[in-house]
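A short worksheet on the structure shown next.
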Amino acid sequence: MIDLLAEPLKTDIAWQFVNAVLPSEATTVYGRVFQVFTSVLALLGSLLIIYQTLQCIVASARTGQVLGERWHTIWTPLRFVVGMGLLISIPSSGFSSVHYLLRDFVARPGINLGNALANTGISAVVKEGMTITPASSIGSSIAMTVLRHEVCAAVYNQAGSRWGWNARLPDPEGTKTGTGIFGAESRYTWAYGPICGQFSVGAMEDRPSFSKARREAISTFVVAFRKEADRYARLGAETSGLSSAGAAARAVTSNVLSPDLVQRIRSMGATYDRAITAAAKEEAKTVAAGSREALIEGVRQEGFLATGMYWRTLAQISEITTGMTNERPEDTPPRVDGDFGAAIQTAFDALRLQVSGEAERQALSANDFAAAGDETADLATKIIAPVSRSIIEWAATSADDGQPRDEMGALVSSGHAMMSGVYAAIAAGGVVAGVAGNQVVEFFGAGAIDYFLDWSKFALIPVWIIGALRAFVIPYMPHVFMLVSGVALLASLMDAMISLPLWCMRWLKLDKNDDFAGDSVKLGLLFVVNIFLRPALAMLAVFAAYGVFNPVLGMLDRLWATAFLAQSGGQVVGLPGYIILTLGQTYIIWYVVLKTYGQIWALPDRVLAWFGHSTSFGESGLVSGAFLGMITVAGRGVLPKTGMWAATAGGKKK
0 MIDLLAEPLK
10 TDIAWQFVNA
20 VLPSEATTVY
30 GRVFQVFTSV
40 LALLGSLLII
50 YQTLQCIVAS
60 ARTGQVLGER
70 WHTIWTPLRF
80 VVGMGLLISI
90 PSSGFSSVHY
100 LLRDFVARPG
110 INLGNALANT
120 GISAVVKEGM
130 TITPASSIGS
140 SIAMTVLRHE
150 VCAAVYNQAG
160 SRWGWNARLP
170 DPEGTKTGTG
180 IFGAESRYTW
190 AYGPICGQFS
200 VGAMEDRPSF
210 SKARREAIST
220 FVVAFRKEAD
230 RYARLGAETS
240 GLSSAGAAAR
250 AVTSNVLSPD
260 LVQRIRSMGA
270 TYDRAITAAA
280 KEEAKTVAAG
290 SREALIEGVR
300 QEGFLATGMY
310 WRTLAQISEI
320 TTGMTNERPE
330 DTPPRVDGDF
340 GAAIQTAFDA
350 LRLQVSGEAE
360 RQALSANDFA
370 AAGDETADLA
380 TKIIAPVSRS
390 IIEWAATSAD
400 DGQPRDEMGA
410 LVSSGHAMMS
420 GVYAAIAAGG
430 VVAGVAGNQV
440 VEFFGAGAID
450 YFLDWSKFAL
460 IPVWIIGALR
470 AFVIPYMPHV
480 FMLVSGVALL
490 ASLMDAMISL
500 PLWCMRWLKL
510 DKNDDFAGDS
520 VKLGLLFVVN
530 IFLRPALAML
540 AVFAAYGVFN
550 PVLGMLDRLW
560 ATAFLAQSGG
570 QVVGLPGYII
580 LTLGQTYIIW
590 YVVLKTYGQI
600 WALPDRVLAW
610 FGHSTSFGES
620 GLVSGAFLGM
630 ITVAGRGVLP
640 KTGMWAATAG
650 GKKK
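Position 37 (the sequence shown) corresponds to 36 in numbering that gives the first Met the number 0; numbering is contiguous.
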């Protein structure tokens, strides 16, 4: 059973709000101010009682009935007693009895009821929740980093063999460096010596399984490219190198260089991404389990207002796992200004010509993330293909093991899939920039500036923003609504604290009905009951929205993916179509969130309409005012005064 009159924990946020409005201390400034206010009201109430007593005496003498014919009921004197008893202030604190009734018999049981609903509901929600599925898109980039270091070491060893000089060849699984104390981060490092540089990744000692999986994936690159680098050893150390793409093509034909290097880089990169994603998914389950236990305990400690943190927790878990999967190595690139620098530069030039030549033949017309139709598509479609495919393939994929999925959690995953796709598109754009300039190195210098200033940023940036909305902003909205609901509860209590002494004056009015609560005080009683029910109504709205949100968003996501692919005919839709469709879907999701989880702040006020007392008092007015105020202030602060508005109104008034 629920003990509605038990005092909530001191850490309960809503109870802290109540104590802020009605402090427990014996003497406060607020109480002293109220003491003056209620003392004056008590004096006025006494005068009103005297006046109405004279009325009753005259009416009794005229009609021969006690209190007269209109007020001949036992409730009339009882109302006088109740009204004055509730109004007179308590000398020790300054507050009236009605204030303590509000705190101990309205707000306290209301908070306890809301907490009971929150504890029951959140335990079921976190039990059924979906683990976030992270995404990785940096495999090919890491593969290219490893290849450059291995080529440098192979050329250095070949050129220095006659002198007895050797570059260090690290263990394929790397070497642990750093103490992990006094700010020295513990890392796994692949060091190739002072000339050929090194790269490293965080050791992640708190996540040993993921760290081991990543080391094994990188070791696969090292083993494979160590053999591949031998092809460049003699080419860089003992020849003048390659001077053109044609020479690179002849080297490939004669099997001096690998004919499918780019294919292997991308294939191995995709394998790396899959392995890292699988390892991160297992870590996400562990992180999610701990987060959910902490969330349940947080709701118990902080009360029902902490319920909205569940959906924010999903975004945080996704952010953590995405950071794990997409951590780029700290790279110290090889030097070409030291020993055997000319030979190393010759090998890098050959690598550049080989990669750019193969990319011209194959990579740009068969992007790994694009369908067969992309081969005939324009350059813009090829760059945006990774973004489109990643989100479409995610939306068209059912939940793991055929189990129902938490659509809010799935929404977060889709947002990170879009953001990951943007990162892959940037990488694809880098290849385009490198090939266009016939200098792979240019992409890491001036070519990068040219690329990011290119028109493609107008496609990628909006897609990234939409992904961020799905991954971070929308999951945060239930928590925002809960916070607004708490602030509105606080505002309701403040309003009640000031209004109740005036409401007590209404008890002193001579009502002619036969109820204990006269017509003049019934509306006030309804508002008091509304304050009691606000926490419970907010909780009912939260979990009702949770149940409704799943089928609505699930239907929307699946129909959107089907419609998207059907209208594209298997080829990625052009940039305008993709952005408009994705933006439209995100807007609909935003609308669904407002209409479902938005009931958290709207329901307590809408309930009053069922009793014939519709009002804008409470969360709905507060939220609307806050949003409109935010937009207005932002507009005033951002928009320049250009005279545009005057022009649209017909010019300035003379």
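The beta carbon of each residue, even a glycine, is placed where N, CA and C say it ideally should be.
Query, Result
"Buried versus exposed call for R161 [16 or more other C-beta atoms within 10 Å across all chains shown]", "exposed"
"Burial state of D673, where buried means 16 or more other Cβ atoms lie within 10 Å", "Residue 673 lies beyond the stretch modelled for the chain, which goes from 0 to 653, so this question has no answer here."
"Distance between beta carbons of I588 and I473, contact taken as under 8 Å", "6 Å"
"Distance CB(T144)-CB(F198) smaller than 8 Å", "yes"
"Residues sharing a beta bridge with F198, DSSP", "W189 and D330"
"Inter-residue spacing [alpha-carbon to alpha-carbon] between I382 and A495", "Residue confidence for I382 is low, a pLDDT of 46 falling below 50, so the modelled location carries little weight and cannot support an answer."
"Whole-angstrom distance between I460 and A379, CA atom to CA atom", "Because the pLDDT at A379 is just 45, under 50, the model does not fix this residue reliably, and the value given afterwards should be weighed accordingly. Spanning the two alpha carbons is a distance of roughly 14 Å."
"Beta-carbon gap between Y155 and F339 smaller than 8 Å", "yes"
"Helix, strand or coil at T321 according to DSSP, with G and I counted as helix", "helix"
"Assigned secondary structure, S257 (DSSP; H/G/I helix, E/B strand, else coil)", "coil"
"Proximal residues to D2 (C-beta, below 8 Å), its chain only, five neighbours per side dropped", "N111"
"Nonlocal neighbours in the same chain, by C-beta distance under 8 Å from D11, ignoring five residues either side", "I110, N114, Q300, E301 and G302"
"Through-space distance from Y187 to K175, alpha-carbon basis", "4 Å"
"Stretch-stretch touch, CB-based, cutoff 8 Å, three pairs: the segment 320 to 338 with the segment 35 to 49", "no"
"Touch test, the segment 220 to 228 against the segment 282 to 295, Cβ-Cβ under 8 Å, three pairs minimum", "no"
"Backbone secondary structure at K9 - three-state DSSP", "coil"
"T174: first and last residue of the uninterrupted beta strand (DSSP E) it sits in", "T174 to T176"
"Selection from L558, S96, A202 and T331 that minimises the alpha carbon distance to N80", "Before going further, note that residue 80 is Val rather than Asn in the sequence given. It is S96."
"C-alpha gap between V125 and K594, whole angstroms", "23 Å"
"Residue(s) in a DSSP beta bridge with S95", "S88"
"Whole-angstrom distance between L607 and Q598, CA atom to CA atom", "14 Å"
"Buried versus exposed, by CB contacts within 10 Å (16 or more), Y586", "exposed"
"Any C-beta of chain B under 8 Å from that of T312", "Structure shown: chain B not included; a single protein chain is present."
"Simplified DSSP assignment, three categories, for Y309", "helix"
"Under 8 Å between C-beta atoms of G82 and M504", "yes"
"Nearest-angstrom Cα separation, counted from A537 out to C55", "46 Å"
"Reduced DSSP category for G302 - H, G, I as helix; E, B as strand; rest coil", "coil"
"Nearest-angstrom Cβ-Cβ length linking V527 and V105, presumed shorter than 8 Å", "6 Å"
"Residue closest to R214, alpha-carbon to alpha-carbon, out of D259, C195, A142 and P193", "A142"
"Cβ separation of G201 and E184, assumed to be a contact under 8 Å, to the nearest whole Å", "7 Å"
"Rounded straight-line distance, which links the Cα of V462 to that of V421", "7 Å"
"Contacts around G268, its chain only, beta-carbon distance under 6 Å, and the 5 residues preceding and following it disregarded", "G138, S139 and A142"
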